[in-house]
Amino acid sequence: MTFNIGDKVAVLDEAVNGVVTGFKNNQIVIETTDGFVMAYAIKELVKIDDATDLKSFTSNHSLSLALKEKEEAKKRSFVKEKKSRKDEFVLEVDLHIEKLVPSKRGMTNYDILTLQMETAKRQLDFAIKNRMPKVVFIHGVGEGVLKAELDFLLGRYDGISFQDANYQKYGLGATEVYIKQNPNR
Numbered sequence: 003m004t005f006n007i008g009d010k011v012a013v014l015d016e017a018v019n020g021v022v023t024g025f026k027n028n029q030i031v032i033e034t035t036d037g038f039v040m041a042y043a044i045k046e047l048v049k050i051d052d053a054t055d056l057k058s059f060t061s062n063h064s065l066s067l068a069l070k071e072k073e074e075a076k077k078r079s080f081v082k083e084k085k086s087r088k089d090e091f092v093l094e095v096d097l098h099i100e101k102l103v104p105s106k107r108g109m110t111n112y113d114i115l116t117l118q119m120e121t122a123k124r125q126l127d128f129a130i131k132n133r134m135p136k137v138v139f140i141h142g143v144g145e146g147v148l149k150a151e152l153d154f155l156l157g158r159y160d161g162i163s164f165q166d167a168n169y170q171k172y173g174l175g176a177t178e179v180y181i182k183q184n185p186n187r
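Printed below as a string of structure tokens:
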């Protein structure tokens with residue numbers, strides 16, 4: 003990918019946006035939206051399309067690519083595991099973006115979070131519909147944005163309770179959801 007002076011860019015794995023102002027020592031110099039001048043390697047940056055460029059939103063190629071990635075995400079987004087013969091299946095949903103799409107290249111942080119939340123909602127609805135008693139969402143530790151959004155989503159459902167998942171098995175980056183079964187369903 004080539005960058006030109008004036009291109010709007012975002013830094014991967016950081017909440018930093020800015021505009022390309024120059025090039026120095028195989029790095030791209032940007033001025034952040036906060037006014038700081040910083041240098042990054044090419045592989046750390048991604049171009050942000052201008053919101054007024056409607057062509058970027060209506061491209062059939064990018065739409066079909068996004069739909070294809072979404073279909074692939076369904077296949078790889080959960081793993082069923084059986085703890086013992088007595089226990090029922092536990093639906094584990096890994097929300098790390100690397101598990102949901104083949105490449106996050108070109109995706110903004112907003113796009114990534116939206117896909118992660120749509121996956122979580124879809125899998126939770128699936129578990130409720132299929133009367134699964136428990137779901138574990140693996141969200142990682144990070145800055146806590148995904149966990150906060152997940153907590154907000156889970157708080158809107160009746161008939162479920164949630165807590166941090168088993169530390170020994172998942173570390174700090176997972177949430178366990180218990181679905182209360184209604185015998186009248």
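Mapped onto our numbering, the consecutive letters of the sequence shown carry residue numbers 3 to 187.
Every residue gets a Cβ at the ideal spot worked out from N, C-alpha and C, and that includes glycine.
The C-beta distance from Leu102 to Thr116 rounds to 11 Å, too long to fall under 8 Å, and the pair is not in contact. Look at Asn132 here: in three-state DSSP terms it is coil, with no helix or strand label.
Closest in alpha carbon position to Asn6, among Phe154, Phe25, Asn19 and Tyr169, is Phe25.
Residue environment: Met134 is assigned as buried (16 or more neighbouring CB atoms within 10 Å of its CB, all protein chains considered).
Taking C-beta separations shorter than 6 Å and ignoring five residues to either side along the sequence, the partners of Gln165 in its chain run Glu178, following chain order. Here Val95 is near Ile140, since their CB atoms are less than 8 Å apart. Here DSSP, grouped into helix, strand and coil, assigns Ala17 to coil.
As a beta-bridge residue in DSSP terms, Ser163 pairs with Tyr180.
Around the Cβ of Lys149, a 10 Å sphere holds 16 or more other Cβ atoms; the residue is buried.
Rounded to whole angstroms, Phe128 and Ala176 show a C-alpha spacing of 19 Å.
Apart from the 5 residues on each side of it in sequence, Gln183 sits with its Cβ closer than 8 Å to the Cβ of Arg133 and Pro135 in its chain, given in chain order. Short of 8 Å from the beta carbon of Val11, and not among the five residues preceding or following it, lie these beta carbons of its own chain, in chain order: Phe5, Asn19, Gly20, Val21, Val22, Ile30, Ile32, Leu47, Val48, Lys49 and Ile50. Minimum Cα-Cα distance from Asn28 among the listed residues Gly37, Lys45, Lys123 and Gln118 corresponds to Lys45. For Gly24, the secondary structure class from DSSP, reduced to helix, strand or coil, is strand.
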